[in-house]
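Numbering (our numbering), first residue to last: 5 to 258.
Just below is one structure, and these are the notes that go with it.
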Amino acid sequence: MAELNDIANDFIKDEIEEFIERPNERTRIIDAFARATPAMQEISAALIDGDNGTVDTLTRAALDDGIEALEVMDDGLINGMSIVGIKFRENFIFVPEVLACARAMKAGMAHIAPILSASGIQPVGTVIMGTVKGDLHDIGKNLCIMMLRGAGFVVHDLGVDTSEDEFMDAVEEHEAPLVGMSALLTTTMPNMGKTIDAFIDNDLREDVKIMVGGASVTQEFADDMGADGTAEDAVGCVELANRLLVELKQEQEA
Ligand code: B12
């Protein structure tokens, strides 16, 4: 188990000391930052500070130095966002500050997306992705999309606040075998179930596999909503998409 002093960056150490109070979260976050290199910690610090210019410069520099895009995304950007999330939840910061951090995340992701998408593999399948109705959170969905594209999927991004009809229309238009829904709010998570019900009511459910995700989505919740699966992160989303595609083909061939 790592300790606070194993983290090189003083700003990050102060942030953890001051804002991360729950012991299990503190341990997880200290471990994650202690594993990250000082260069990655600097990216996290700039993101937590909402400094999109510095995140932009440091992310570009790290990639130019040959650091893997996935390492920059996980150890730099996502690590930083985990502290932002906790500060927001505990009311240490509010919507304007979180928006500045989200902008900084976007600045870093702009360098990472083309690398993850440029794998040049033959398309393995088409996925319709969107954040459900009433929900404007798109950072996690966008990360999943980046990873899916990097793994060779064609992804049609419906954006945020996506209605049931928009999901169904996109599936029909693109003849997509996979749908991915994201939701971060407990008030909007049930809209995943409503969308799945709409697929059933319109006789479309058998044609697609539906995956759901977002910070509070558990396997139990996904099962209750009638989804085909969930995953905790973008890497898991790709694994799930591959698995569901195989399952769908097997079912259609049977
Ligand atoms: C950034 C943020 C915002 C930004 C969103 C900017 C944007 N463009 O997305 C802004 C400031 C706009 C915002 C607004 C609000 N927010 Co907000 N927000 C967050 C915050 C801090 C981080 C979310 C995030 O981006 N995480 C990082 C990404 C990488 O993680 P992720 O989304 O979980 O995605 C990963 C996995 O879940 C998975 N995944 C995601 N989608 C999918 C889909 C599939 C198919 C699969 C398989 C996997 C998968 O893979 C992703 C990558 O690893 C969270 C706190 C938190 N800890 O989650 C609160 C949080 C979600 N927000 C919250 C709230 C309350 C709000 C507001 C209502 C605040 C307000 N009073 O106005 C509004 C609601 C606006 C709306 N209608 O949607 C609450 C929700 C509480 C709840 N349980 O309902 C949270 C939890 C904060 C808290 N209080 O604790 N928010």
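Yeah, the Cβ is synthetic: ideal placement off N, Cα and C, and Gly gets one too.
- Between ligand 1 and the CB of K145, the shortest heavy atom gap is smaller than 7 angstroms.
- Remark: C-beta atoms of D10 and A38 approach each other more closely than 8 angstroms.
- In this structure, the CA atom of G89 is about 11 angstroms from the CA atom of E101.
- For L182, the uninterrupted beta strand (DSSP E) run begins and ends at 182 to 186, by DSSP.
- Distances taken from the Cβ of T166 to the heavy atoms of ligand 1 include none shorter than 7 angstroms.
- A direct Cα-Cα distance of roughly 17 angstroms separates V242 from A187.
- Taking C-beta atoms under 8 angstroms as the contact rule, V183 and V175 qualify, at a distance of about 6 angstroms.
- Annotation: the continuous alpha helix (DSSP H) that includes V59 extends over 56 to 68.
- Using a Cβ-Cβ distance cut-off of 8 angstroms, the region 96 to 110 and the region 54 to 63 are in contact, since at least three pairs of beta carbons, one from each stretch, lie closer than that value.
- L51 has its Cβ no nearer than 7 angstroms to any heavy atom of ligand 1.
- DSSP places I47 inside the alpha helix (DSSP H), whose first and last residues are 42 to 52.
- For K213 against D232, the beta-carbon gap comes to about 5 angstroms, under 8 angstroms, which counts as contact.
- With respect to the 8 angstroms criterion, H160 and I200 are not classified as neighbours on the basis of their beta carbons.
- Annotation: D205 is outside any beta strand (DSSP E); the continuous alpha helix (DSSP H) that includes it extends over 194 to 205.
- Sequence-distant Cβ neighbours of H115 in its own chain, meaning closer than 7 angstroms and more than five residues away, are T63, R64, L67.
- Looking at the backbone, the Cα of I82 and that of T166 are separated by about 25 angstroms.
- The C-beta distance from G240 to T192 rounds to 21 angstroms, too long to fall under 8 angstroms, and the pair is not in contact.
- Scanning its chain for C-beta atoms nearer than 7 angstroms, with the 5 sequence neighbours on each side dropped, one finds around A12 the residues P42, Q45, in chain order.
- The beta carbons of A73 and D35 sit no closer together than 8 angstroms.
- V216 is classed as buried because its beta carbon has at least 16 other beta carbons within 10 Å across all chains shown.
- With respect to the 8 angstroms criterion, I20 and I33 are classified as neighbours on the basis of their beta carbons.
- Between F92 and F23 the beta-carbon gap is near 10 angstroms, outside 8 angstroms, which marks them as no contact.
- V136 is bridged by DSSP to T166.
- Ranking D142, V128, F15 by CA distance to the CA of K253 puts V128 first.
- Sequence-distant Cβ neighbours of R209 in its own chain, meaning closer than 6 angstroms and more than five residues away, are F203.
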